[in-house]
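S.K.:
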Amino acid sequence: MHLEMRDSYMRDDPEFIRWQQGHRYDPADRESWWRSWLDVVAETTARGVVMRRLRVVSEPLSDYLRYEYDGAFTNVAAGELVRWLPRSRARDLLLPALDGWVMDEETVILHHFSGEGQWTGPGMEVCHDPALAKRYAEAYEAAWQRAIPHEEYRPA
């Protein structure tokens, strides 16, 4: 389970800059957009592991989130389930302070970002803490149930 809650990440990412300049991936030209992360997703889901990505977003979407929305079809094509949760639909949910992954019943990988969306502090922090994993998983599940599948979400 991957939880993303920021409206912007690493705005100096060369792929984001290309998108700002008008570049869009062509779904029909798989070679142009397939990358190593998608190999990991495809191999993992082929083993029967369900990979889910939940994006909690402000609307209207920031330019960065529009970039992520435009490219999310690549994650879906690799086998990842992607959902979008507008903050207005999450107003009564208690969500964690940090983005991250719930890997299993005891492992959580937390992501540390600056206010500008750049990696900061430890970057990724691996925590082996069953209580923390349980809290993250419960919050994630509550948000996932309200979120809109990528195929149905239409950004405001």
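Sequential numbering of the sequence shown, starting at 1369, is according to this note's numbering.
Ideal placement from N, C-alpha and C gives every residue a C-beta, glycine not left out.
Shortest alpha-carbon distance to Ala1445 belongs to which of Asp1431, Asp1397, Val1424, Gly1491?
M.R.: The sequence position of residue 1445 within the sequence shown is 77, counting from 1. It is Asp1397 whose Cα lies nearest to the Cα of Ala1445.
S.K.: Could you tell me which of Glu1448, Arg1392, Ser1430 sits nearest to Gly1416, measuring between CA atoms?
M.R.: Position 48 of the sequence shown, counting from 1, holds the residue named residue 1416. For the residues Glu1448, Arg1392, Ser1430, the minimum Cα distance to Gly1416 belongs to Glu1448.
S.K.: Would you call the CB atoms of Leu1422 and His1370 closer than 8 Å?
M.R.: Counted from its first residue, the sequence shown places residue 1422 at position 54. Counted from its first residue, the sequence shown places residue 1370 at position 2. Cβ atoms of Leu1422 and His1370: closer than 8 Å.
S.K.: Val1444 by DSSP, collapsed to three states: which one?
M.R.: Position 76 of the sequence shown holds residue 1444. Of the three classes helix, strand and coil, the one that applies to Val1444 here is helix, per DSSP.
S.K.: Apart from the five residues on each side of it in sequence, which residues of its chain come closer than 7 Å, Cβ to Cβ, to Ala1440?
M.R.: Start at 1 with the first residue of the sequence shown, and residue 1440 comes out as number 72. If we look at Ala1440 and ignore the five residues flanking it on each side, its Cβ neighbours are Val1450, His1518.
S.K.: If you run the structure through DSSP and keep just helix, strand and coil, what is Glu1411?
M.R.: Translated into positions along the sequence shown, residue 1411 becomes position 43. Helix, per DSSP.
S.K.: Arg1525: buried (16+ other C-beta within 10 angstroms of its C-beta) or exposed?
M.R.: Any answer about residue 1525 is impossible in this case: the structure gives the chain only from 1369 up to 1524.
S.K.: Can you list, in chain order, the residues of its chain with a C-beta nearer than 7 Å to that of Pro1395? Leave out the 5 residues immediately preceding and following it.
M.R.: Taking the sequence shown and counting its residues from 1, the one referred to as residue 1395 is at position 27. Phe1441.
S.K.: Taking Arg1347 as part of the alpha helix (DSSP H), name the residues at either end of that continuous run.
M.R.: Any answer about residue 1347 is impossible in this case: the structure gives the chain only from 1369 up to 1524.
S.K.: Between the C-alpha atoms of Thr1488 and Met1378, what's the straight-line distance to the nearest angstrom?
M.R.: Residue mapping note: residue 1488 aligns to position 120 of the sequence shown, counting from 1. Residue mapping note: residue 1378 aligns to position 10 of the sequence shown, counting from 1. Near 11 Å, if we compare the C-alpha coordinates of Met1378 and Thr1488.
S.K.: Using the rule of at least 16 other Cβ atoms within 10 Å of the residue's Cβ for burial, across every protein chain shown, is Val1409 buried or exposed?
M.R.: Mapped onto the sequence shown, residue 1409 falls at position 41. Val1409 should be labelled buried.
S.K.: Is there contact between the stretch 1495–1503 and the stretch 1460–1476, where contact requires at least three CB pairs shorter than 8 Å?
M.R.: Touching, yes.
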